[in-house]
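Mapping to this note's numbering: the sequence shown position 370 is 535, numbers consecutive. We put the beta carbon where it would ideally sit given N, CA and C, even for glycine.
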Amino acid sequence: MALIVKCRKCLKRIPETETACPFCGGADFRFIIDYWPRGRHGGRRHLSLPDDTRTAEQAHELDKALRNARTAKRTLSAGTSLNSTVADLFPAYLEWYRIHRAPSTWRDLSQTWRNNIERILGEYQVRYISNDHFALYQKMRATRVKNRTINKDLDYFSGFLKWCRREKRIEIAPIFYERLRCSRPLPIVLSPGEVARIMEAAEREPFYLAFFLCLYVLGFRFSEVRFLKLKDFDFENRAVKVLQKGGTEKILPLNDQVIEAVKNLAELWPMRADDYLFGMKRTKGAPITDIRDPIARICKRAGVTKKVNAHLFRHSIATHLMSADVSQKVIQKYLGHSQISSTAFYTHVALGNLRSAQDLVLNSTKKRMNPDVGSTV
Numbered sequence: 166m167a168l169i170v171k172c173r174k175c176l177k178r179i180p181e182t183e184t185a186c187p188f189c190g191g192a193d194f195r196f197i198i199d200y201w202p203r204g205r206h207g208g209r210r211h212l213s214l215p216d217d218t219r220t221a222e223q224a225h226e227l228d229k230a231l232r233n234a235r236t237a238k239r240t241l242s243a244g245t246s247l248n249s250t251v252a253d254l255f256p257a258y259l260e261w262y263r264i265h266r267a268p269s270t271w272r273d274l275s276q277t278w279r280n281n282i283e284r285i286l287g288e289y290q291v292r293y294i295s296n297d298h299f300a301l302y303q304k305m306r307a308t309r310v311k312n313r314t315i316n317k318d319l320d321y322f323s324g325f326l327k328w329c330r331r332e333k334r335i336e337i338a339p340i341f342y343e344r345l346r347c348s349r350p351l352p353i354v355l356s357p358g359e360v361a362r363i364m365e366a367a368e369r370e371p372f373y374l375a376f377f378l379c380l381y382v383l384g385f386r387f388s389e390v391r392f393l394k395l396k397d398f399d400f401e402n403r404a405v406k407v408l409q410k411g412g413t414e415k416i417l418p419l420n421d422q423v424i425e426a427v428k429n430l431a432e433l434w435p436m437r438a439d440d441y442l443f444g445m446k447r448t449k450g451a452p453i454t455d456i457r458d459p460i461a462r463i464c465k466r467a468g469v470t471k472k473v474n475a476h477l478f479r480h481s482i483a484t485h486l487m488s489a490d491v492s493q494k495v496i497q498k499y500l501g502h503s504q505i506s507s508t509a510f511y512t513h514v515a516l517g518n519l520r521s522a523q524d525l526v527l528n529s530t531k532k533r534m535n536p537d538v539g540s541t542v
């Protein structure tokens, strides 16, 4: 492997010992690693290092990580091609994933593969994958995206390796890597009063009223609501069926408000049972793709100043159920969480709301006891 240093201003190659470009005087450099992912008998590649790589020392650290990843050896089971790389096998994994997983997660994995995993890990032989490759991916993606995104990418890649062991019978040593630290921010959820004002403001737009009710009352994700079909609603038994995240189906009860809103929408826009409930006329019935503008418009009409997105309705109903002392097991089933830890997250959100209420009461009490607090002298 070799390190190539180029000036970003004049694009000329310069010695890595230089602190300024001898041609134009620029001090902003671009670092490129010249290497052979499969060894001297494979193809030669140039890998541009992240833009935040500013010194030759930082570049050499990444170069060392690449070297360790390339030379890490693992035993290969009989009957498996010696030259199978990640890029060779990942398309087959994507096809398997498309059949066995939900369309939304398949699209996310496909995008993650094209944009990042293929670029960083695609050339490595699957049998050689080790902890060094995971560390390399973390270094290459660090500072570009949040740690939570990097962890999600590597979860996808771990799933690929499990598939290779199971389906391709490739003997890959167990991978033990340290996930990057990340904290899930507590959302500022809507109060029940704010939700009621939003629903009231949406009454003049039946399409979005029904959409918002599915988001809040049913706790559906945006991707789940947009693919609902009229046939998914069983009005006689007051139930709705949805294909949720992960590809599993879930059935929830319907209340009068949701039933009325969905029926009104179906009568307003005549549709067949197999049509998408929230299909757009201008796209010939294809599911709606974006509701940010309608949310902003209706929230402004309702006088709600919080930053509201589609997922905040789901956060809000979960928090309201938790605050009402509904069992976590019931909320887990209602929201379709595969792990109870995902549901327990809303315990912290509910506590945060209680603390806000305590502060509000405390401040109000202080003002009554001392009317001059906060006044200007």
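With respect to the 7 angstroms criterion, F299 and L319 are classified as neighbours on the basis of their beta carbons.
Beta-bridge partners assigned by DSSP to G444: P452.
Per DSSP, C464 is one residue of the alpha helix (DSSP H) stretching across R457 to A467.
Taking 7 angstroms as the cut-off, the beta carbon of I315 is found no closer than this to the beta carbon of L326. E389 carries a helical assignment under DSSP once its states are collapsed to helix, strand and coil. Taking C-beta separations shorter than 7 angstroms and ignoring five residues to either side along the sequence, the partners of Q493 in its chain run I505, T508 and A509, following chain order. The three-state secondary structure of V423, taken from DSSP, is helix. Under DSSP, no beta-bridge partner is assigned to T277.
Distance from V423 to V382 at the Cβ level is roughly 5 angstroms; contact confirmed, criterion being Cβ atoms closer than 8 angstroms. Apart from sequence neighbours up to five positions away, the residues of its chain that approach V251 with a beta-carbon distance below 7 angstroms are L286, G287, Y289 and V291, ordered along the chain. Distances from the CA of C189 to each of R195, R391 and R173 were compared; the closest alpha carbon is that of R173.
Note that the C-beta distance between L345 and N296 is not below 7 angstroms.
Inter-segment contact for the segment 448-464 and the segment 397-405 is absent: fewer than three beta-carbon pairs are separated by less than 8 angstroms. DSSP, reduced to helix, strand and coil, places S503 outside both helices and strands of the structure shown, so it counts as coil. The residue among D273, E226 and K410 with its C-alpha nearest the C-alpha of Q303 is E226.
The beta carbon of V469 sits closer than 8 angstroms to the beta carbons of L355, E359, R362 and I363 from its chain, once the five residues preceding and following it are set aside; these are given in chain order.
Annotation for R210: the continuous beta strand (DSSP E) segment containing it runs R210 to S213. For the pair L214 and A224, the CB atoms are nearer than the 7 angstroms cut-off.
DSSP lists I179 and F196 as the bridge partner or partners of V170. Beta-bridge annotation (DSSP): Q223 is not paired with any residue. Minimum Cα-Cα distance from I416 among the listed residues C379, D199, R272 and H476 corresponds to C379. In this structure, DSSP gives D439 a state outside helix and strand, which the three-state scheme calls coil.
Beyond the five residues adjoining it in sequence on each side, D440 comes within less than 8 angstroms, by CB distance, of K394, L395 and G450 in the same chain, given in chain order. Ranking R466, M487, F478 and F194 by CA distance to the CA of A367 puts R466 first. Residue environment: I264 is assigned as exposed (fewer than 16 neighbouring CB atoms within 10 Å of its CB, all protein chains considered). If you draw a straight line from the Cα of Y258 to the Cα of I460, it is about 37 angstroms long. Here DSSP, grouped into helix, strand and coil, assigns Q493 to helix. Where P357 is concerned, the enclosing alpha helix (DSSP H) starts and stops at P357 to A366.
Taking 3 residues as the shortest admissible run, the segment 278-311 contains no complete beta strand (DSSP E) segment at all. A267 is not a Cβ neighbour of G384, given a cutoff of 7 angstroms. D217 carries a coil assignment under DSSP once its states are collapsed to helix, strand and coil. Rounded to whole angstroms, the Cβ separation of W261 and W328 is 7 angstroms, and the two are in contact under 8 angstroms. One alpha carbon belongs to W271, the other to V170, and they sit about 38 angstroms apart. DSSP links A404 through a beta bridge to D399 and P418.
By the neighbour-count criterion, in which 16 or more other beta carbons inside 10 Å mark a residue as buried, D421 falls on the exposed side.
The residues K471, in chain order, have a CB closer than 7 angstroms to that of I353 in the same chain once the five nearest residues on each side in sequence are set aside.
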